[in-house]
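Residue numbers (UniProt numbering): 1 to 206.
We treat Cβ as the ideally placed atom computed from N, Cα and C, and that holds for glycine.
Model, not experiment: these values are computed from the prediction.
Accompanying notes for the structure given below.
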């Protein structure tokens, strides 16, 4: 198929089944390269029926892939903080790092910034108001939940926040929740400089 397309064709894959030999993933990726893949991205976990991210990613397989393939290799997995990206790249020698759901909680990750969770939520709501047709309310609700959850999921008030968010019926309700109850629960107003408060950061990395 790659030979019939003008744009480069890439492949993203997970580890081959655990019942296969450890070398199976590298062998399969080699076949993909021979078939015309311009680069390969490996999410170095097995597919799990219970959880999509069951266990830590096996970065040794990414490193083996990098040593074997001639095309660029991108590593995916085990990234939650800026330092995780640096460690991933050092361990795998990959050509790039792919980050997925962590960016839902911290869209500023690639700038090495941990934003104030309430401030980033309010900024997001302003964008949603300016572009009302871009996202459904349920999508907006889910994004705000990710922003708060990323840093505050271990805070004693987090379950109250989830219940209150579920009871909201629109963007204005969510904004009111953030400016009143969440601000009161945190014991501080949102910061403008996007520097995480120490206790939020502690709960993030615990």
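Between 80, 43, 133, 176, which lies nearest to residue 144 when the distance is taken from Cα to Cα?
Working through the chain shown from its first residue, we reach residue 144 at position 144. The shortest Cα separation from residue 144 among 80, 43, 133, 176 belongs to 176.
Measure the C-alpha to C-alpha separation of residue 42 and residue 148 and round it to an integer number of angstroms.
Numbered from 1 along the chain shown, position 42 holds the residue referred to as residue 42. Numbered from 1 along the chain shown, position 148 holds the residue referred to as residue 148. About 29 angstroms.
For residue 49, collect the residues of the same chain with a Cβ closer than 6 angstroms to its Cβ; drop the 5 residues on either side in sequence, then sort them by chain order.
Counting from one through the chain shown, the residue named residue 49 turns up at place 49. Caution applies to residue 49, whose pLDDT of 45 falls short of 50 and renders its modelled position unreliable; the value that the coordinates give is listed next. Excluding sequence neighbours, residue 49 sits near nothing in its chain.
So for residue 187, helix, strand or coil by DSSP?
Translated into the one-based positions of the chain shown, residue 187 becomes position 187. Correct three-state label for residue 187: coil.
Which value, in whole angstroms, describes the spacing of the CA atoms of residue 58 and residue 44?
Start at 1 with the first residue of the chain shown, and residue 58 comes out as number 58. Start at 1 with the first residue of the chain shown, and residue 44 comes out as number 44. Distance from the CA atom of residue 58 to the CA atom of residue 44, rounded to whole angstroms, is 5 angstroms.
Give me the residue from 155, 101, 192, 67 with the minimum Cα distance to residue 185.
Along the chain shown, one-based indexing puts residue 185 at 185. Looking at the Cα atoms, 155 is the closest of the given residues.
In the DSSP output, which residue or residues are listed as bridge partners for residue 118?
By 1-based counting over the chain shown, the position of residue 118 is 118. Beta-bridge pairing links residue 118 to no other residue.
Alpha carbon to alpha carbon, what distance is there between residue 180 and residue 206?
Translated into positions along the chain shown, residue 206 becomes position 206. Translated into positions along the chain shown, residue 180 becomes position 180. The pLDDT assigned to residue 206 is 46, lower than 50, so where the model puts this residue is not dependable; a value taken from the coordinates is nonetheless given after this. Residue 206 and residue 180: Cα-Cα distance of roughly 27 angstroms.
On the CB-based measure, 16 or more other CB atoms within 10 Å of its CB, does residue 12 come out buried or exposed?
As a working note, residue 12 is residue 12 in the chain shown. Classification for residue 12: exposed.
Does the pairing of the region 66-74 with the region 89-102 give three or more beta-carbon distances under 8 angstroms?
yes
Give me whichever residues DSSP pairs with residue 41 in a beta bridge.
Translated into positions along the chain shown, residue 41 becomes position 41. Answer is 12, 74.
Closest to residue 109 by CA distance: which of 142, 86, 39, 173 is it?
Position 109 of the chain shown holds residue 109. Here the closest residue by C-alpha is 86.
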